[in-house]
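Engineer: Note that the sequence shown covers residues 1 to 266 in the UniProt record's numbering.
Take a look at the following structure, please.
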Amino acid sequence: MVLADLTAGAVEDAQQRAVTRPLAEVERAALSRQPARDALAALAPADRVKIIAEVKRASPSRGDLASIPDPAHQASLYEQGGASAISVLTEGRRFKGSLADLEAVTTAVSLPVLRKDFIATPYQVLEARASGADLVLLIVAALEQPLLAELHALVLELGMTPLVETHSADEVSRAADIGARLVGVNARDLSTFELDRDLFGRVADRIPADAIKVAESAVLAPADVAHYRAAGADVVLIGEALVTGDPVATLGAFLAAGAPTEGESA
Ligand SMILES: O=C(O)c1ccccc1NCC(=O)[C@H](O)[C@H](O)COP(=O)(O)O
1 MVLADLTAGA VEDAQQRAVT RPLAEVERAA LSRQPARDAL AALAPADRVK IIAEVKRASP
61 SRGDLASIPD PAHQASLYEQ GGASAISVLT EGRRFKGSLA DLEAVTTAVS LPVLRKDFIA
121 TPYQVLEARA SGADLVLLIV AALEQPLLAE LHALVLELGM TPLVETHSAD EVSRAADIGA
181 RLVGVNARDL STFELDRDLF GRVADRIPAD AIKVAESAVL APADVAHYRA AGADVVLIGE
241 ALVTGDPVAT LGAFLAAGAP TEGESA
């Protein structure tokens, strides 16, 4: 199963890093950072869809996407284009990302930054904060409920915001059970790679009213942003479509598509 393998690989890589950088040291580094940026404020529902723009070099489903030699510059373009937060894939094996990418991006932008990885241990959460992350992705399908609750609590304790990712109504219920305030619905099945843009609309009403609703993946054109907005998304998370071409122009088109239409009462 791809998700289980990705998670096992990410945990193994973190264990390797822990050999030279033990948990106590990472914890000290995490606690000495400036406070995390307020992602819930940055992503709060508005009359228009907000965008989390992702630094994504490669993926298991699509292979190499873009070399992105300077992730900080890429993220700066996203900020210039109107993104509300940045996502950085830090998984190295299949996505070609790193914690160095995360650190570089957090230094370059003033927006909240998400560590997007396959997180399953407290060590990885501490590493995220130590590298400047403001948000941490927790994938419900990869975690048993007690571990999901434990990691969620740790992310909050460190002053960061957990983005709790789901892919079914049951997983949305599990996110609600731990009090998630930022809930993602990923259109991509992380094991089969199938994309289902309508999944968000089918499960959105299960997301607690006080939570911010994030539609993740499968935005290739402005119409896809409009589709997610019509289904109730507050935020969309976009990777592949932004890593080639002109991200500032692309973001402009996506943001326009996520704005109220003429005649619609804002
Ligand atoms: O993108 C993949 O192929 C993938 C495969 C297995 C696990 C996770 C994967 N991607 C992570 C993401 O969820 C996306 O990077 C993110 O939502 C943006 O998606 P997109 O806009 O479709 O690039």
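Ideal placement from N, C-alpha and C gives every residue a C-beta, glycine not left out.
Taking the beta strand (DSSP E) that V235 falls in, what are its first and last residues?
Structural biologist: Here residue 235 corresponds to residue number 235 of the sequence shown, with the count starting at 1. It spans V235 to I238 - the beta strand (DSSP E) in which V235 sits, taken as one unbroken run.
Engineer: DSSP state of T7, grouped into three classes?
Structural biologist: Position 7 of the sequence shown, counted from the start, is the residue given in the question as residue 7. Residue state, collapsed to three classes: helix.
Engineer: My output table needs one value for E127: the three-state DSSP class, helix, strand or coil.
Structural biologist: As a first step, residue 127 must be located in the sequence shown, where it is residue number 127. In the structure shown, E127 sits in a helix (DSSP, three-state: H, G or I).
Engineer: In the DSSP assignment, what residue or residues form a beta bridge with A58?
Structural biologist: As a first step, residue 58 is located in the sequence shown; it is residue number 58 there, counting from the start. The partner list for A58 (beta bridge, DSSP) reads D64.
Engineer: Is it the case that the Cβ atoms of L77 and P247 are separated by a distance below 8 angstroms?
Structural biologist: Along the sequence shown, one-based indexing puts residue 77 at 77. Along the sequence shown, one-based indexing puts residue 247 at 247. Yes, the Cβ-Cβ distance between L77 and P247 is below 8 angstroms.
Engineer: Taking the alpha-carbon positions, what's the residue 272 to A215 distance?
Structural biologist: One cannot answer for residue 272 here, as it falls past the ends of the chain, which runs 1 to 266.
Engineer: What does a CB cutoff of less than 6 angstroms around A257 pick up in its chain, not counting 5 residues either side in sequence?
Structural biologist: As a position in the sequence shown, residue 257 is number 257, starting the count at 1. The residues are P222, V225 and A226.
Engineer: CB D101 to CB P71, shorter than 8 angstroms?
Structural biologist: Numbered from its first residue, the sequence shown carries residue 101 at position 101. Numbered from its first residue, the sequence shown carries residue 71 at position 71. Against a cut-off of 8 angstroms, the Cβ pair of P71 and D101 comes out as a contact.
Engineer: Could you please give the first and the last residue of the uninterrupted beta strand (DSSP E) stretch that includes S173?
Structural biologist: On the sequence shown, position 173 is the one that residue 173 refers to. Careful: S173 lies outside any beta strand (DSSP E), inside the alpha helix (DSSP H) at A169 to D177.
Engineer: Please classify A241 as buried or exposed, where buried requires at least 16 neighbouring CB atoms within 10 angstroms.
Structural biologist: Here residue 241 refers to the residue found at position 241 when the sequence shown is read from its first residue. A241 comes out buried.
Engineer: If we count Cβ pairs, one from each stretch, closer than 8 angstroms, do we get three or more for the stretch 151-168 versus the stretch 124-143?
Structural biologist: As far as the Cβ criterion goes, the stretch 151-168 touches the stretch 124-143, which means the pair count is three or higher.
Engineer: Nearest CA to the CA of L40: which residue from G92, V235, V55 and A141?
Structural biologist: In the sequence shown, the residue the question calls residue 40 occupies position 40. Ranking the options by Cα distance to L40, first place goes to V235.
Engineer: If you run the structure through DSSP and keep just helix, strand and coil, what is G82?
Structural biologist: The count along the sequence shown starts at 1 and reaches residue 82 at position 82. Correct three-state label for G82: coil.
Engineer: Which runs of the beta strand (DSSP E) at least 3 residues long sit entirely within the stretch 90-146? Give them in chain order.
Structural biologist: For the stretch 90-146, whole beta strand (DSSP E) runs of length 3 or above, ordered along the chain, are 113-116 and 135-139.
Engineer: Do you know whose CA, among D13, G245, S173 and I238, lies nearest T90's CA?
Structural biologist: For this step, residue 90 is matched to residue 90 along the sequence shown. Among D13, G245, S173 and I238, the Cα nearest to that of T90 belongs to D13.
Engineer: Unbroken beta strand (DSSP E) runs of length 3 or more, entirely within the stretch 186-223: which are they?
Structural biologist: Complete beta strand (DSSP E) runs here, min 3: 212-216.
Engineer: Below 8 angstroms between beta carbons: does that hold for P112 and R181?
Structural biologist: If you number the sequence shown from 1, residue 112 lands on position 112. If you number the sequence shown from 1, residue 181 lands on position 181. Not a contact, by the Cβ cut-off of 8 angstroms.
Engineer: In angstroms, rounded to a whole number, what distance separates the CA positions of L3 and V164?
Structural biologist: The sequence position of residue 3 within the sequence shown is 3, counting from 1. The sequence position of residue 164 within the sequence shown is 164, counting from 1. Rounded to whole angstroms, L3 to V164 spans 15 angstroms at the Cα level.
Engineer: Going by CA-CA distance only, name the one from P69, E25 and P146 that's closest to S98.
Structural biologist: Looking up residue 98 in the sequence shown gives position 98. Comparing Cα-Cα distances from S98 to each of P69, E25 and P146, the minimum goes to P69.
Engineer: Roughly how many whole angstroms lie between the Cα atoms of F200 and V185?
Structural biologist: Residue numbering aside, residue 200 sits at position 200 when the sequence shown is read from its first letter. Residue numbering aside, residue 185 sits at position 185 when the sequence shown is read from its first letter. Their Cα atoms are separated by approximately 6 angstroms.
Engineer: Measure the beta-carbon distance from G82 to L251 and round it to whole angstroms, keeping in mind my assumption that it falls under 8 angstroms.
Structural biologist: Within the sequence shown, residue 82 is the residue found at index 82, counting from 1. Within the sequence shown, residue 251 is the residue found at index 251, counting from 1. Contact holds; Cβ gap of about 5 angstroms.
Engineer: May I ask which residues mark the beginning and end of the beta strand (DSSP E) holding V248?
Structural biologist: Here the question's residue 248 lines up with position 248 in the sequence shown. No beta strand (DSSP E) contains V248, which is instead part of the alpha helix (DSSP H) from P247 to A257.
Engineer: Heavy atom of ligand 1 less than 7 angstroms from the Cβ of A257, yes or no?
Structural biologist: Taking the first residue of the sequence shown as 1, we reach residue 257 at position 257. Result no, Cβ not under 7 angstroms from ligand 1.
Engineer: State yes or no: is the C-beta of E54 nearer than 7 angstroms to some heavy atom of ligand 1?
Structural biologist: Within the sequence shown, numbered from 1, the residue matching residue 54 stands at position 54. E54: yes, Cβ under 7 angstroms from ligand 1.
Engineer: Quick check on the burial criterion: 16 or more other C-beta atoms within 10 angstroms. Buried or exposed for F193?
Structural biologist: By one-based count along the sequence shown, residue 193 stands at place 193. Exposed: under 16 other Cβ atoms inside 10 Å.
Engineer: Determine the DSSP secondary structure at P162, reduced to helix, strand or coil.
Structural biologist: Your numbering for residue 162 matches position 162 in the sequence shown. In the structure shown, P162 sits in a strand (DSSP, three-state: E or B).
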